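Notes follow once the structure below has been shown.
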Amino acid sequence: MSLLEMKHIRKSFDGLEVLKDISISVKEGEILSIIGPSGSGKSTLLRCATMLEKIDGGEISYLGEVAASVKDGKELYVKGEKRKQISSYFGLVFQNFNLFPHYSVMKNITDAPIHVQKRPRAEVYEEARALLKKMGLEDKENAYPCQLSGGQCQRVAIARALALNPKILFFDEPTSALDPELTGEVLRVIKSLADLKITMVIVTHEMAFARDISDRIIFMDKGVVALEGTPQEVFGAEHARMQEFLGKFNA
Amino acid sequence: MGFGQSCLIFALTLLFSLPLGMVVYFGRVSRIKPVSWLVKIYISIMRGTPLMLQLLIWYFGPFYLWKMNIGGYKFTAIILGCSLNYAAYFAEIYRSGIESIPKGQYEAAQLLGYGKSQTFLKIILPQVIKIVLPSVTNEVITLVKDTSLVYSVSYIEMFAVAKQIAAAQTTVLPFVIAGGFYYIFNFVVAWVMELFEKKLDYYH
């Protein structure tokens, strides 16, 4: 069974169709990268999967449970406890981190597990310290986001998402807001998560990284899946748009 | 001296208008159109007419409209008039603060599973307080001086006392003294607010 299944997703903004009948599925433990030119709908797809945007058509399900669907023009989103449960399956790492500036690093990570998931404080703190260690930030637990570099902020944001133990973690261009010299540290951390067998869907412009880390790559163009396959298949494909896109990176 | 009365009007007005401003804000941004329109009109009247005139209406209005006995009602009318007036200003200050919080904060909270009220109370409100503090300080300082307007309904507080003494002794000294009191009062207010600002200075 697929962990995430998106079928025939449509989404328009003010009459502009951004997603045109897109279907993707993600298996448990899989690492999927989504690449493609700006405006191709990659981020919108993630925002629909995480229910930050409502879909205009199609169906989204997690572990076989329908989270959202549109039938006869009427949208149906799960509500209440069911919504909470399905929402706990996924986490999202934003392009610009969206850390809470008034919370320390530790509180950013631990507040939701303690006050949303109602887990015991001691256990949550212990886990948070282990996560910070993994992120190479063990000495920063009392710092505030404004005292950290962009790369450190993004690593805290990753720890914050992981602290809720999601089954699948989405990354929306996690390094696009960072200076080039800071992207490396964040990409290394994401790579290290791959060893933990966490399911990941990564929207990225880092081609070498995507080729390296992914089990599967989707190339999106103008709101549709233009190409899909293993990194070798996608990067080696004789596909005009794909080659044109890659050409811009190599130039 | 009437200084105590001025302080009392100031304290009670703040006590009521600060939370009331939040209620007015929620009305202002309500999705129920008639509510948001009514609140908009309310804010516009409160800000668009003199507070002194509003106090006269709150005090004498019930008498002219319903022949109500307004004997012991003066203080209530003053607190009502000042609080409703200041709540309108605070509501707009809150609105500017709340609207300046990036959308990403709400989205992050949603992804982490916070409910609507948790998001507002834990994530949004603390950040809003820091942002609006300088504007609130301005408003509070104005309020200290505006307490003198209640002399228009012949309420005896510091300004009215100063006026009486000045008239009786034909001297401006009481005004100077009263001015000194207002100044010291506001000096303390500004100092306290600065302490609050410093306390919230641990992040930006």
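Chains as they are written, first to last, in the numbering used here: chain A, 1008 to 1258; chain B, 122 to 325. Ideal Cβ placement from N, Cα and C applies to all residues, glycine included. Quick caveat: nothing in here was measured; it's all calculated off a predicted structure.
Within chain B, the residues L232 have their CB atoms less than 7 angstroms from the CB of A:T1057, given in chain order.
Taking a C-beta distance under 8 angstroms as the contact criterion, A:R1017 and A:G1064 qualify as a contact pair.
Under the Cβ distance rule, A:K1091 counts among the residues neighbouring chain B, one pair being separated by less than 8 angstroms. Counting C-beta atoms within 10 angstroms of its own C-beta, A:A1135 has 16 or more neighbours from the protein chains shown and is therefore classed as buried. Within a 10 Å sphere around the beta-carbon of A:G1080 sit fewer than 16 other beta-carbons, which makes this residue exposed. Between A:K1141 and A:K1049, the alpha-carbon positions lie close to 28 angstroms from each other. Scanning chain B for C-beta atoms nearer than 7 angstroms to the C-beta of A:C1153 yields Y324 and H325, reported in chain order.
If you check each beta-carbon in the stretch 1067-1095 of chain A against every beta-carbon of chain B, the ones closer than 9 angstroms belong to K1091, S1094 and S1095. For the options B:G300, B:F280, B:I222 and B:V257, the alpha carbon positioned closest to that of B:A209 is the one of B:V257. Contacts with chain B (Cβ-Cβ distance below 7 angstroms) from the stretch 1097-1108 of chain A involve G1098, L1099, F1101, N1103, N1105, F1107 and P1108, listed in chain order. Against chain B, a Cβ distance below 9 angstroms from A:V1123 picks out L233, G234, Y235, G236 and Q239. Using a Cβ-Cβ cut-off of 8 angstroms, A:L1171 is close to L233 and G234 of chain B, given in chain order. With contact defined as three or more Cβ pairs closer than 8 angstroms, the stretch 1207-1222 of chain A and the stretch 1237-1252 of chain A are in contact. For A:A1201, the closest Cβ of chain B is not nearer than 8 angstroms.
At least one CB atom of chain B sits nearer than 8 angstroms to the CB of A:A1119.
Take the alpha-carbon of B:N190 and the one of B:C203: they are about 21 angstroms apart. Cα atoms of B:L139 and A:L1144: separation of roughly 41 angstroms, rounded to the nearest angstrom. Between the stretch 154-162 of chain B and the stretch 217-229 of chain B, the count of C-beta pairs closer than 8 angstroms stays below three; the two stretches do not touch. DSSP places A:L1026 in the uninterrupted beta strand (DSSP E) bounded by L1023 to K1034.
If you compare the alpha carbons of A:C1160, A:K1125 and A:I1062 with that of A:Y1084, the shortest gap goes to A:I1062. Against chain A, the CB of B:E278 has no partner CB under 8 angstroms away; the residue lies outside that interface. DSSP places A:M1013 within a strand segment (E or B) once states are collapsed to three. Assignment of A:A1217 by DSSP, reduced to helix, strand and coil, places it in the helix class.
Boundaries of the beta strand (DSSP E) around A:K1081: K1081 to Y1084.
Here A:A1244 carries a coil assignment [DSSP, helix/strand/coil].
Neighbours of B:P247 in chain A, taken as residues whose beta carbon is under 8 angstroms from its own, are H1109 in chain order.
Annotated as distal: A:F1177 and A:I1042, with beta-carbon spacing of 8 angstroms or more. The bridge partners DSSP lists for A:I1067 are A:M1013 and A:A1075. Listed in chain order, the non-local C-beta contacts of A:L1039 below 8 angstroms within the same chain comprise I1031, V1033, M1207, V1208, I1209, S1221, D1222, R1223, I1224 and I1225, local neighbours out to five positions each way being set aside. At a cut-off of 8 angstroms between beta-carbon atoms, B:E228 makes contact with chain A.
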